[in-house]
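Residue numbers (this note's numbering), protein chains in the order written: chain A, 59 to 482; chain B, 257 to 551; chain C, 26 to 384. Quick reminder that beta carbons are idealized off the backbone N, C-alpha and C, glycines included. Because the structure is a prediction, the values reported are computed rather than measured. Here the structure is laid out as structure tokens; the discussion comes afterwards.
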């Protein structure tokens, strides 16, 4: 307090260099805030550019239908003018012819790509466009109608023209509809796809079912073990903890191979059961390459995700609570149910949500061990991304999946808080 | 967990069946990994125990698959079994990618954790959630998004692309582990360092760094194993040059499953045990430094 | 032990070297025994330069990225029939001057020496492979399965069946088993009723089916007795019989043949050497030579004659002809897969097949 100003304004605390303490504290607060932000900025930008934006960009593909509109703008205009009950008019044929020949001159590849996209809505469009594009050069029109029917008789069938209706807008919800076994008809009414082609609802259901069963199985297996780990003396529990963590640290593919050896028909489990005389060799259990295989392997893979959160909560519950309850006359069972278990709920909740979230997006494991039941939504996303190149549908399924996961993640944050997450 | 003498028979039965159940669960977790090891020494090209192996006939055992793993081909090696350098090449590539992305992830993740541990950080919770989200968002979605984005900026089929992608997967682990070492951190230590005249950077290296080091290292180990084990992203954005070990295993499982993959698995299991032991030792050290005694 | 270590070091040094050195021609193929056979038959016998084999997972995605971005690193690619067509249509492959390729020993030009009509000028012949049913000797007492209809007949030949988790080849086989003439298969498949008919046949084995998705699985399934009969890639069965001495019997009826072609990527960095390599690899002698190492059938008719005369042709002194998927004796009862049909209807049939599997 050597500064004379301190005397000049009584009642205000000053720091050594004479600024009021309040100002100085604010300044230091701002500085520390700034420092924190500067520290966070590089990783944050990294994440935004390489993670958030790419995913956002991909999700936009789920409603994008601009390619086909770029190729066939006049056709869609004429399509709107057509009354759909009569045969398609000559003007529609002419518009289609002009659109295709124009695009062929501008960018040959676009025609092929548009054909592939149209094939998603009605199988056959790809070859129809391809054949037509090759032969349009020789057409001397107008009239185009007869010439086009001459090239391929499909041009005379009304259904092909009607199928254009589902593609006529730049933005579409068609991919989302496809992802739940629905589609647009020519008038953009939502209808169901044919009964024997309904596959996505089945896969959504199966994905949820697998995730649910795996979560329950993990809980049933994890709870007693976590209790054991939490109550054993440190020396033993550390050793057992290594058993829990070892699978966690072993390559996913290694674990999958290991399970193949265990569970296949001539695998270790079946061999042992037959060897012990429990099973006939004819009745070996089918535990691999089916639904059971998926569930068993995923349960083992995700079990540590359940054990760790439950264990860390149990660790914080003082054993004296149980003793106190028993002192007050409760039986051990009652004490466990009424006193101990309620306190473990946060750990159970965290574990369940974590396991469910991870399970719902799985695809490598079911692909390798699931056999015919190994197709979950994740596999279909990969399949459409890599094989059919139907990226719109893949993006739509991805969006739905992501939305579900973000809701659960939000719930997880509410229950435990993401900053309380622990590893090992 | 010795039982008191006054337990009833029912309690005893309950207790022992409980222990049996726990043993079963732990067995369930570890047994498959252990079963891989003997089977990797089979001499037959199939993935099951042959009668010769079960009767401990030396004929049933061989190191044939380990040789294949290292690209050593017998003169009479037939073509139906893989004899190739792809395993060795894949392992090298995996190490290159994993080390590079681990270093980057540890650096970025530690920055984030330090910033986020400050109480003055605005939107702390939201940013934390975002930092951890690469762990939560299914890999297939991340990979799809990156596929389009990387194609635009010419990062598809490049080491740089894979390393950046793996870095992103590693960041959450480092953020989590470093944050948790900072939880018990006594701020007065840096303050007293500063009051004794240390610059912030000096204080960080001398005071904070040694304390968060175990967190950084264990986060780095997680990041390393994540990258080393990663298969989805590499399948989406990796070119043929980015041939990693998981990729080799993947094509092994999908196309020509041979006990070579068991030999590789055995080595990886041993590697994971070593890593885990390191991690456990680090954790104990961290607790000792911070004065938290294990109970 | 010391030699093992020495060899290990040597091998890893070699591996490191092979990564570092840029080879003269980059040939992209599927890996495994198949690439090994190409290495032995084409690369090791070629004097025009060195070949660097690269593995890929199929599809045109990578080639399209390379060509569109102008940074082509691949020269020659081994492609499936649909990619051979689409890639040429899209201008990803170079159209080749047909006159540079070696005629057959009797003077027939290469393009007339093929077993299928040439789909376009981008491709040069590689091999045939097929989906085909097989079982292990001794599985059935009495009558043995001889036709594709037997594969779908659970009563006559009891036991489980191994089939794959995608519809290719299965639709064709089901129709042939149901009595459709080989020549009419794709006409029937182009109608909704035809697809219904195929699925009705598939229904007969559905409850007795084990599904596989990786090429090595059917061999394990049959070997372990988990299934009585399975479909498989013919090369896998042949390799097991020829190299491992397994007693597998192939039912050469109603198989579905797929073509495999070699192409030159447009803008290939080592174009001249690559062309020279293609001329060398497609010559009759090399085509026949590949069959010394793997039982996939050469596409050139003249190569067949060479193999037939040279029997036992396989490198370990066994006869290979009886394992060739496209030998004249079985061609009559084989369906040649139609890539155009699959490009149009593949997705929609796959959806239906997935739904069918899940029901």
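* Helix, strand or coil at residue 430 (chain A) [DSSP, three-state] -> helix
* To do: Please determine if the region 309-316 of chain C and the region 285-299 of chain C are in contact, where contact requires at least 3 C-beta pairs separated by less than 8 Å.
  => no
* So the alpha helix (DSSP H) residue 151 (chain A) belongs to, where does it begin and stop? -> 148-164
* To do: Over the uninterrupted beta strand (DSSP E) stretch that includes residue 254 (chain C), give me the two end residues.
  => 254-258
* Since residue 367 (chain B) is in the beta strand (DSSP E), which residue starts that stretch and which ends it? -> Looking at the DSSP string, residue 367 (chain B) is not in any beta strand (DSSP E); the run it does join, the alpha helix (DSSP H), is 342-373.
* Using only alpha-carbon positions, find the residue among A:286, A:407, A:420 and A:462 that is nearest to residue 272 (chain B). => A:286
* Beta carbon of residue 357 (chain A) nearer than 7 Å to that of residue 275 (chain A) -> yes
* **Host alpha helix (DSSP H) of residue 293 (chain B) (start-end)** => 265-295
* Output the boundary residues of the beta strand (DSSP E) element that contains residue 241 (chain A). => 240-242
* Asked: Is the Cβ of residue 382 (chain C) closer than 7 Å to any Cβ of chain A?
  -> yes
* With 7 Å as the threshold, decide whether the Cβ of residue 412 (chain B) is near any Cβ in chain C. => yes
* Top-ranked residue by Cα proximity to residue 534 (chain B), from A:335, A:303 and A:361 -> A:303
* To do: Compare the C-beta of residue 309 (chain A) against all C-beta atoms of chain C and say whether one is closer than 7 Å.
  => no
* To do: Check the Cβ of residue 371 (chain C) against every Cβ in chain B and list those closer than 8 Å, keeping chain order.
  => Per Cβ cutoff of 8 Å: no residues; residue 371 (chain C) is ~20 Å from chain B at best.
* From the DSSP output, in three-state form, read off residue 277 (chain C) for me. => coil
* Beta-carbon contacts of residue 39 (chain C) that lie in its chain and below 6 Å, excluding the five residues immediately before and after -> Note that residue 39 (chain C) has pLDDT 41, beneath the 50 cutoff, so the model's placement of it is unreliable and the number below is only indicative. Cβ within range, chain order: n/a, list empty.
* Answer yes or no: do residue 387 (chain B) and residue 431 (chain B) have a C-beta to C-beta separation smaller than 7 Å? => yes
* Own chain, CB closer than 6 Å to residue 371 (chain A), minus 5 neighbours either side, in chain order -> 402, 404 and 405
* Take residue 508 (chain B) as the anchor and find which of B:321, B:269, B:282 and B:281 has the nearest alpha-carbon. => B:321
* Is it the case that the Cβ atoms of residue 226 (chain C) and residue 202 (chain C) are separated by a distance below 7 Å? -> yes
* Tell me where the beta strand (DSSP E) around residue 59 (chain C) begins and ends. => Premise fails: residue 59 (chain C) lies in the alpha helix (DSSP H), 57-63, not in any beta strand (DSSP E).
* Asked: Beta-carbon separation of residue 377 (chain A) and residue 367 (chain B) under 7 Å?
  -> no
* DSSP beta-bridge partners for residue 283 (chain C)? -> C:154
* Just checking, does the region 82-93 of chain C make contact with the region 337-354 of chain C on the three C-beta pairs under 8 Å criterion? -> no
* To do: Report yes if the CB atom of residue 233 (chain A) is closer than 7 Å to the CB atom of residue 440 (chain A), and no otherwise.
  => no
* State yes or no: is the beta carbon of residue 54 (chain C) nearer than 7 Å to at least one beta carbon in chain B? => no
* **Cross-chain neighbours of residue 407 (chain B) in chain C, by beta carbon under 7 Å** => 90
* Cutoff 7 Å: residue 36 (chain C) Cβ touching any chain B Cβ -> For residue 36 (chain C), the pLDDT reaches just 45, beneath the cut-off of 50, and the residue's location in the model is therefore unreliable, although a value from the coordinates is still provided. By this cut-off, residue 36 (chain C) is an interface position.
* Does any residue of chain C bring its CB to less than 7 Å from the CB of residue 510 (chain B)? -> yes
* Asked: Whose CA, out of A:227, A:207, A:255 and A:299, lies closest to the CA of residue 239 (chain A)?
  -> A:255
* Inter-residue Cα distance where the pair is residue 312 (chain B) and residue 79 (chain C) -> 41 Å
* First and last residue of the alpha helix (DSSP H) that includes residue 107 (chain C)? -> 106-114
* To do: Using beta-carbon positions only, say whether residue 103 (chain C) and residue 54 (chain C) come within less than 7 Å of one another.
  => yes
* How many Å lie between residue 551 (chain B) and residue 299 (chain A) at the Cα? -> No answer about residue 551 (chain B) holds up, because its pLDDT of 39 lies below 50 and its placement is not dependable.
* To do: Give me the Cβ distance between residue 267 (chain C) and residue 341 (chain C), rounded to the nearest whole Å; I'm assuming they're in contact under 8 Å.
  => 7 Å
* C-alpha distance - residue 405 (chain B) paired with residue 492 (chain B), whole-angstrom precision -> 12 Å
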